[in-house]
Amino acid sequence: MKTTVLDSLNQGLISALKADSSVHLLGEDILDPYGGAFKVTRGCSTAFSMQVIPTPISEAGLAGVTAGMALRGLRPVLEIMFGDFTTLIADQLINHISKFRWMYNDSVTLPLVIRTPMGGRRGYGPTHSQSLEKLFMGVPGLTVLVPANFSVGIHSPGSILENTILNTDSPVLFIENKMQYLQPLLTAETLADFEVDLRYDPTDINQQYPIYCLSIKGAPSAAVTISAYGFCAELARQAQLKLAFEEEIFTELIIPTRLSPFALQPLMDVVARTGKILLIEEGTRSLGWGAEVGTLLAETLGDKLKQVKRLAALETPVPAAVSLETGMLPQQEDIEALLRKMSA
Amino acid sequence: MTLEEDYYRDMLRIRRFEETVLDEFKRGVFSGTTHTSIGQEANAVGVIRQLLPDDIILTNHRCHGHFLAYGGDMRALFAELMGRQTGICGGRGGSQHIHYKNLYSNGVQGGIVPIAVGMALAEKQKKSEAAVVVFIGDGTLGEGVIYEAFNMASLWSAPLLIVVENNHIAQTTPTEYALAGDIRMRFQAFGIPALELDTSSVMEIAGNTFQLMREVHEDYSPRALILNTQRFGPHSKGDDTRSEEVVALLKEQHDPLAIMERQLSSASVSSIRSEVEQEVKAAFETALADPVARMEGRA
Ligand SMILES: Cc1ncc(C[n+]2csc(CCOP(=O)(O)OP(=O)(O)O)c2C)c(N)n1
Ligand SMILES: [Mg+2]
């Protein structure tokens, strides 16, 4: 059995609970044998019954409760069953949790991790399929993380989660993805066709949030840079592989694991070389991550930047019907088509 | 000093601090907004003086009195309201966003209640024996998140005292325009015993709070205290929609300071008054001379 992203996150939680008794897990339906709607917390309540608290359906209240726990020295981890429900914790996140440290003149710490799965492609429809992380990016005092499906070097989704739970002093929104859960973790062996370069933002002093730079091994220099995160990063990697081997179109793929505050620097020299960037996200296109990163690149690279393209979801709710949802969300074929055009 | 004199002095410190703030606002010494608790001083002093040293306070926009009753430094509060580096939070928070020792305030109605529950649960988990008090107004009973919090406080036996300062008005909206049913029943629905007091006597509030806090500490479970009180000042500054006669009548009947003054000798009242006057004046002047807060980061 291959280790999946889900297994890795589950192991990360279990290791964190084991390492520090101040770590507490809260969430709806997280008790065994069910183990959470997506099973990320499976086994936790059995092994650490004192640290796992099943809760009522009270997202806003729970965000506040875990914030209070964090302000008083515990390390709570809150699961929000579907990312769509982060709208219910917006007041706590924006007006309370992310503000306390700065507003109180750095006199408190708030080590809270709120985990939640975003994303569609399962036919769950308009209120259970969204990628809402853009609502929380750029909120001062809030870190937004997103794991990648790699186990390369010292980092895996689980290790990033575990380290964050055990070491953060500030609130973190940890964005998982429903499709990514089932992906096998890619290792140096399974990534044999790729050159994988790990970079870090200079502000990430402890090098906790890797930025993966993927290019095809032995390939000529890339024509286009791609950047994507979450499940879309895997779609981009598949497209990158296919175009390289079938059409000799070579690209570099940059996958960040920290979306906010955003680390531009490691992207910059790659984009400076190709002059072309394709930014991919699963949320709706306007006023989102791609818009911000594209602007940052334009501001810093000036006329070294020749082309910026964004690929994202259409500006509608996420439809339930498979045919509609497929048309609404970015697909691998869309990435390939754009790369063909951009590299021409 | 007797306990009565002590409480009287604490209430007077709040009164004179806030009167100074309102006066000086007109002169432009302060900017932004502020909410004074003139008329409600007995709640702050009566409740907070019953807390044990490790207990925790969560408070709201109307928090100056809670801070001062908790032992917060008057100059630091003036300085915070004036945007000085020496302010409680270096000017970052201002009037309604402060943190000092175990007191935390925030300016969004309702959100502090679940945070109070989480703090109470954390203290229980750490076996620290500290309890939490959270202050909310009657208008805040309209916020949904507090009921999620009441439910969890009761469900998980949080050592928490919820104090409702029912001043019968929320900004300009009289309680009867906004509140259905009975406040006590809202707590009882969650299995939280609630006591309602109709008084501006600090001694009465103190005695009852002492008992409630003992229950909270001993039973490790939440209690609620509903304090029917009166606000004599504007909601913020110059925004009182009530007539002067109505407010004057409230003051005549419910002034916590006047109630205490009747019980104290005139000699001790006047000596406390001059002591407080000096303190307020010195704190104000020191804060005024303190350096203005500066923002860093813009290149
Ligand atoms: C969520 C939210 N809505 C509105 C406001 C604006 N506001 C500040 S105080 C206040 C009235 C609050 O009334 P109450 O809870 O009775 O407290 P009081 O001001 O009477 O002490 C309002 C509407 C706010 N701060 N937060
Ligand atoms: Mg009120």
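Those protein sequences? They're chains A and B, same order as listed.
Its first residue numbered 117, the first sequence is counted upward by one per residue in the numbering used here.
Its first residue numbered 776, the second sequence is counted upward by one per residue in the numbering used here.
Where is the CB? At the ideal position from N, CA and C, for every residue including glycine.
Query                                                                                                                        : Result
Chain-ordered residues of the region 886 to 904 of chain B with a beta carbon less than 9 Å from chain A                     : G886, I887, V888, P889, I890, A891, V892, G893, M894, A895, L896, A897, E898, Q900, K901 and S903
Contact test: A945/B Cβ vs ligand 1 heavy atom, cutoff 7 Å                                                                   : yes
Near ligand 2: G912/B beta-carbon under 7 Å from a heavy atom                                                                : yes
I393/A beta carbon less than 8 Å from that of G410/A                                                                         : yes
N818/B CB to nearest heavy atom of ligand 1 below 7 Å                                                                        : no
Straight-line Cα distance separating E951/B from T974/B                                                                      : 19 Å
8 Å Cβ cutoff, A176/A in contact with chain B                                                                                : yes
Contact the region 124 to 141 of chain A vs the region 191 to 203 of chain A: 3+ CB pairs below 8 Å                          : yes
Cβ of L190/A within 8 Å of any chain B Cβ                                                                                    : yes
Best match in G443/A, T182/A, I130/A and M166/A for proximity to G239/A [C-alpha to C-alpha]                                 : G443/A
Sub-8 Å separation of I370/A and S343/A beta-carbons                                                                         : yes
Within the region 1008 to 1054 of chain B, ranges of the alpha helix (DSSP H) (whole runs, at least 4 residues)              : 1019 to 1029 and 1031 to 1036
Distance between A335/A and I169/A (C-alpha atoms, nearest Å)                                                                : 51 Å
E441/A versus P435/A - alpha carbon distance                                                                                 : 5 Å
Beta-carbon contacts of K422/A that lie in its chain and below 8 Å, excluding the five residues immediately before and after : G391 and K392
Beta-carbon neighbours of G391/A, restricted to chain D and to distances below 7 Å                                           : Judged by its chain identifiers, the structure shown contains no chain D, and its protein chains are A and B.
3-residue-minimum beta strand (DSSP E) runs that sit fully inside the region 188 to 244 of chain A, ordered along the chain  : 191 to 195 and 229 to 234
Paired residues, beta bridge with D973/B - DSSP                                                                              : N1003/B
C-beta neighbour in chain B for M185/A, strict 8 Å                                                                           : yes
contact_flag[the region 830 to 838 of chain B, the region 872 to 891 of chain B] where n(CB pairs < 8 Å) is 3 or more        : yes
Cβ neighbours of E979/B in the same chain (closer than 8 Å, five flanking residues each side left out)                       : G821 and L972
Heavy atom of ligand 2 within 7 Å of N942/B beta-carbon                                                                      : yes
Among T1004/B, K901/B and T948/B, the one whose alpha carbon lies nearest that of G914/B                                     : T948/B
Helix, strand or coil at A455/A according to DSSP, with G and I counted as helix                                             : Ala is not the amino acid found at residue 455/A; the sequence shown has Leu there. Helix, per DSSP.
Contact the region 1054 to 1065 of chain B vs the region 789 to 802 of chain B: 3+ CB pairs below 8 Å                        : yes
Secondary structure of E305/A, DSSP reduced to three states                                                                  : coil
Cβ-based neighbour list, F347/A, same chain, cut-off 7 Å, excluding 5 preceding and 5 following                              : G235, N293, M295, Q296 and E398
Residue closest to L954/B, alpha-carbon to alpha-carbon, out of G917/B, A964/B and E940/B                                    : G917/B
Bridge-paired residues (DSSP) for Y879/B                                                                                     : L833/B and H874/B
Same chain, Cβ closer than 6 Å to H943/B, neighbours up to 5 away in sequence not counted                                    : T950
Proximity to F378/A [Cα-Cα], best of F201/A, G257/A and I205/A                                                               : G257/A
Closest by C-alpha distance to K333/A, when choosing among E362/A, R374/A, F366/A and Q323/A                                 : F366/A
Bridge partners - P433/A, DSSP secondary structure assignment                                                                : Note: P433/A sits in no beta bridge, so no partner.
Heavy atom of ligand 1 within 7 Å of T753/B beta-carbon                                                                      : No statement about residue 753/B is possible, as the shown extent of chain B runs from 776 to 1074 and does not include it.
Burial state of F853/B (16 or more Cβ within 10 Å)                                                                           : buried
Where C838/B sits in the DSSP three-state scheme                                                                             : coil
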